[in-house]
Each structure stands twice: as C-alpha cells, then as structure tokens.
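Below: one structure, written as structure tokens.
What follows is the structure, encoded as structure tokens:
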C-alpha cells in the first residue's frame, strides 16, 4: 500500500495548539556546541551534549474547510527544491542512509508533518539558500532539528527551527532576552543558521557532509575525529569517522529525507503540495504590536501570528510577518497595525478587517490564514 502524505484537496488541518507542531515522532535533540572559549585552542572547551527525544504522534487535529492554494501541478516548491538538490550523489548505496529511509517510511507522521509545518517556512528558506547557492537539501534540516516548530526547545536549551543553544546564538548575533529570543525568529535564525553552515563548509574544505556533522556535534569534535583517523592512517570522510551515535544518524537521516522528497514515487510517497510562492510577507513596525490584539483586528488566527512571529512571546517588534493575503488586506487599512500597538480594552468594540472569511460583520477569526495542511 502506498504511504500517502496527501489529503482531500479542500480539507486542511489546523493544529489545536503550538505544541502540536512538534508531533509525529520528530527529532528534538540536535545540539550546537558552545563557541570558542579559549584563545589558545578555540575548541578546547567544547562539550557534547546529546539528548534525543522522540515524540509520539499526537491526537488528530481539528479539520476545517479552507480554500485550496494553487500548487501549479507538481509544481510545487518540492519540484523547485529538486532542481537545487546537489547532495544526492552522496546518498546512493549507503547502508546507513537506507536504514534511515526505512525508519522514516515506517513513520508517515514524520513525513506528513514535514509538509504541513514546513509549508509556512520552506519557501523563505529555499529562497535564502538559493541566494547563497547552497544545496537545497539543507532546507529540510529544520525537519530533523525541530520538526519546523519555531517554539521547539531541547534539554540543552537549544531553541527555534534551527536549534541554536544560547552561546552559539550569541556567536551568530542572535539576541536573547527574557522577553525576546531571536533564536526563534524565522528570518534571523535562518540567516544565522546559513552563516554557520557556510562557515562549517569552508572550515571542512567544502565537504557538506562534514559540515552537517559539525552542525550537530560541533566542529571541534568532528575535527578531532578526523585527526584521530589521520594518525591511524584511516580515511577521513564523514562515513569513516567515529562520532557520537546521534551524529551517526543525523546526516543519513537528512539525506534519506531528501531522497524521499527527490523521488517520492520510487518509495510510494505522496508529498503534501506546497505552492512555490511566498507564504508570508514582512512588514516594518514603528512600534511593537500585541499579537492577540492584532488577531482580533486583522482576522488572522492568533496561533498563526504566533507561529510566524514567535520570538517576542506574544508581541512583535521591528517587523511583523503576516500571511500574504492578510498583509495585502492590512495595506488597505494601515491604521489597524497602529491600533494593535495600543492596549486592548476588554469587552470593547473592535473594527476588524473585512475579509472574504469574516464578511462585513467581521465576527469570525479567519482559520483560512493557515498554510496548506498546517
């Protein structure tokens, strides 16, 4: 029987809460090591902190009917990603990749969630990778790191889509305060992750597999494994190194996931369609806005605003990410963002954006402003 990731063309799923986006047997524990602390030996104080946690599938989400987003046939973002895949030759005929691919296919919830939760962010991430001419397989890394959940947090306090621990976040200029954690911010954390991956790629002389291993285990640990192999006259490819168990599975799992995306028909997989078009737009903010208040005013579900603007714990400062359709509607009523910066009066009357979902009365929250299948 085919393992299907598709659903009815007019049915999408809306998660009951933010934690639901971590469902589906998702990998939480990929850690980044602390940055250099010793001047003489920049990697002397690195410590490996590996904690894998596997999530069991959560109860089924609430089903709501929303309008189907156009996906231009297979034309989707998946097709564009395949054109930019450049690591597939490294993924052929490797037993550890085959094992991870079987593991993924036995857990269709993992694959389903990759499409559902990733549909918010993948177009943006693919665009940023393309600007840097980096392999588009890397767009799938947040599926392995966090399940595309910007609120994911590991036992080692790694946070966000890309799972930065505090020190590595500071190393890549991600602000961390009690009321704002930029490791959760979608554009900023993506910039930092691609900076880090680019650095690792250069550090390991253009070897993406070693760069990925170091993203998980730290460059010092991978460097030390290479040094040990060289001293023994052994090969120094990623596949030849003695690394922690988590890192032994980490790179093969990413490559296995990319194989399923690259040739889904070969494995009986139907990918959730994702349109090759932006899901969100960034709007500049003159002052912070309260997301709960903005949800009432804009007709966009508060949960959706929080998933796009997770860094500020219910507030957005400097910029606001909004679903495209809602962004266009707000442009027609710009005073609403300014009003969302004001405290909401309990029980007060609110003038909402008139949308096709709310109608003139504006009394419903627009569940339609969620990504395909999210």
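In full-length UniProt numbering, the protein residues as written are 1 to 374. Using N, Cα and C, we set each Cβ at its ideal position, and we do this for glycine too. Please read these numbers as outputs of a predicted model, since none were measured by experiment.
DSSP bridge partner residues for residue i (one or two, in chain order)
i           : result
residue 76  : 275
residue 323 : 280
Residue j beta carbon less than 9 Å from that of residue i
i           : j           : result
residue 197 : residue 138 : yes
residue 340 : residue 293 : yes
residue 217 : residue 244 : yes
residue 223 : residue 214 : yes
residue 190 : residue 121 : yes
residue 288 : residue 242 : no
residue 111 : residue 254 : no
residue 278 : residue 124 : yes
residue 105 : residue 260 : yes
residue 336 : residue 285 : no
residue 238 : residue 101 : no
residue 89  : residue 97  : no
Assigned secondary structure, residue i (DSSP; H/G/I helix, E/B strand, else coil)
i           : result
residue 282 : strand
residue 315 : strand
residue 215 : helix
residue 43  : Reliability of the predicted coordinates at residue 43 is poor, the pLDDT of 27 falling under 50, and no value is obtained from them.
residue 105 : helix
residue 269 : strand
residue 289 : strand
residue 300 : strand
residue 334 : coil
residue 234 : coil
residue 243 : coil
residue 263 : coil
residue 85  : coil
residue 341 : coil
residue 120 : coil
residue 126 : helix
residue 115 : helix
residue 32  : Reliability of the predicted coordinates at residue 32 is poor, the pLDDT of 41 falling under 50, and no value is obtained from them.
residue 306 : helix
residue 94  : coil
residue 251 : helix
residue 59  : Bear in mind that the predicted position of residue 59 carries a pLDDT of just 27, short of 50, making it too unreliable to give a figure here.
Minimum C-alpha distance to residue i - residue among the options
i           : options               : result
residue 270 : 92, 114 and 100       : 114
residue 185 : 194, 174 and 178      : 174
residue 78  : 248, 257 and 91       : 257
residue 109 : 318, 272, 128 and 304 : 272
residue 331 : 299, 214, 283 and 289 : 283
residue 326 : 338, 134, 92 and 304  : 304
residue 133 : 195, 93, 178 and 176  : 195
residue 315 : 111, 182 and 103      : 182
residue 307 : 227, 119 and 207      : 119
residue 323 : 290, 299, 84 and 338  : 299
residue 171 : 156, 199, 149 and 180 : 199
residue 313 : 221, 229 and 151      : 151
residue 262 : 158, 103, 131 and 135 : 135
residue 148 : 264, 163, 335 and 155 : 163
residue 117 : 96, 161, 101 and 154  : 161
residue 178 : 188, 187 and 166      : 166
The ligand ZN heavy atom lying under 8 Å from the CB of residue i
i           : result
residue 270 : Questions concerning the ligand ZN fall outside what the structure shown contains, since it holds no ligand whatsoever.
Short CB-CB distance (under 9 Å) between residue i and chain C
i           : result
residue 242 : Absent from the structure is chain C; it holds one protein chain and no more.
- Item | Every unbroken alpha helix (DSSP H) within the UniProt domain "Transglycosylase SLT" (129-232), with a cutoff of 4 residues, ordered by chain | Within the UniProt domain "Transglycosylase SLT" (129-232), the complete alpha helix (DSSP H) runs of at least 4 residues are 141-145, 166-171, 186-203, 208-217 and 219-231.
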